[in-house]
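Residues 21 to 235 in the working numbering are what the sequence shown lists, from first letter to last.
Below is one structure, written out as structure tokens, with a few remarks after it.
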Amino acid sequence: MIKPVILMGSGGHAKVLAAMLKKLDCPVLGVTGPALAEGGEVFGFPVLGGDNAIANFPPDRIELVNGLGSLPRDQGLRQRLFEQFHARGYAFKTLVDPTAMLAGDVVLGEGVQVMAGVIIQAGTQIANNVIVNSGAIIEHDCSIGCHNHIAPGAVLCGAVITGDNVHIGSGAVVIQGCSLGAGCIVGAGSVLTTSIAGRHIVYPPRSIIKNLERD
Ligand SMILES: CC(C)(COP(=O)(O)OP(=O)(O)OC[C@H]1O[C@@H](n2cnc3c(N)ncnc32)[C@H](O)[C@@H]1OP(=O)(O)O)[C@@H](O)C(=O)NCCC(=O)NCCS
């Protein structure tokens, strides 16, 4: 039997997840969030109140959906939410958009969210609470650590290995065989051709902007 879910969060990422949950015909009990008071609707689902409203539902009867987005320098909150509620016995639903293409042997951890148009190839493993965002490509034999955000349109060539809490920005390319230590950030549009140790940030070359009226 499919357990009903509670969607945590009411921002942009939660909005996209709400649309996916509708597409998947997944029963949704309601939405929670720190700034939400009980009553009314958001995304067409009832507002249950703050995250403490989840305690009204026994952990064996429901699953949670982590609707917090993940910005490069602020991944802690999404991780904390996952760990706090996990410690209380709640499970996070793993979601795969119907338009994503996954090889048969891909392994997805708890609470992984695979968004629209994603491709994940053979031999890849993705750990808990990862977002693989719209249109990202994760090639064969990659190993993705917990709480990563692979942002829209990023491309991980084969056998890329990431530690926990890595953010790979929109449109970035990570060349095959690179490994990235925990907490690394790869800026949007970067091309990473070498492995990097933990807690490094990669900036791409920046675009030249000219004023057409003046230059
Ligand atoms: C790389 C990144 C994390 C940098 O964050 P930051 O260190 O806070 O960057 P800042 O805004 O302080 O910028 C520092 C400098 O780097 C430049 N810079 C920042 N990001 C850049 C990028 N992606 N490409 C080129 N230059 C960039 C800034 O223009 C700034 O230059 P300045 O010092 O001459 O003014 C961020 O810009 C980025 O790429 N984030 C990923 C976004 C993303 O994937 N979003 C997905 C949402 S679903």
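Virtual Cβ for every residue (Gly too), placed ideally from N, Cα, C.
Note that the structure is a prediction, hence the values are computed from the model and not measured.
Through-space distance from residue j to residue i, alpha-carbon basis
| i | j | result |
| --- | --- | --- |
| ASP184 | VAL134 | 17 Å |
| VAL67 | LEU212 | 42 Å |
| ASP117 | ILE157 | 14 Å |
| GLY59 | ALA73 | 12 Å |
| GLY70 | ALA147 | 27 Å |
| HIS167 | LYS230 | 38 Å |
| GLY155 | MET40 | 15 Å |
| GLY218 | GLY203 | 6 Å |
| GLY165 | ARG234 | 48 Å |
| LYS35 | ILE195 | 32 Å |
| GLU61 | PRO47 | 15 Å |
| PRO54 | ASP80 | 23 Å |
Whether residue i touches residue j by CB criterion (8 Å)
| i | j | result |
| --- | --- | --- |
| THR144 | HIS169 | no |
| LEU56 | SER30 | yes |
| GLY207 | GLY189 | yes |
| LEU49 | ILE82 | yes |
| PHE105 | GLU130 | no |
| PRO181 | SER210 | Note that residue 181 is Ile in the sequence shown here, rather than Pro. The answer is no: Cβ separation not under 8 Å. |
| PHE65 | LEU27 | yes |
| ILE205 | ILE221 | yes |
| ILE140 | ALA123 | yes |
| ALA136 | THR114 | no |
| VAL186 | LEU176 | no |
| ASN86 | ASN149 | yes |
Unbroken alpha helix (DSSP H) run spanning residue i, endpoints
| i | result |
| --- | --- |
| LEU37 | 32-43 |
Opposing strand residues paired with residue i [DSSP bridges]
| i | result |
| --- | --- |
| ASP80 | DSSP lists no partner for ASP80. |
| HIS169 | ILE151 and HIS187 |
| GLN133 | LEU115 and ILE151 |
| MET121 | ILE139 |
| ASP94 | LEU91 |
| ASN86 | MET28 |
| GLU61 | PRO66 |
| SER199 | ILE181 |
Endpoints, the beta strand (DSSP E) within which residue i is located
| i | result |
| --- | --- |
| GLY50 | 48-52 |
| LEU56 | Where LEU56 is concerned, there is no enclosing beta strand (DSSP E), given that its DSSP letter is neither H nor E. |
| VAL67 | 65-69 |
Residue i: CB within 7 Å of a non-hydrogen atom of ligand 3
| i | result |
| --- | --- |
| ALA142 | With respect to small molecules bound, the structure shown includes ligand 1 and not ligand 3. |
Below-8 Å beta-carbon distance, residue i vs any chain B residue
| i | result |
| --- | --- |
| MET28 | Annotation note: the requested chain B is absent from the structure, which comprises a single protein chain. |
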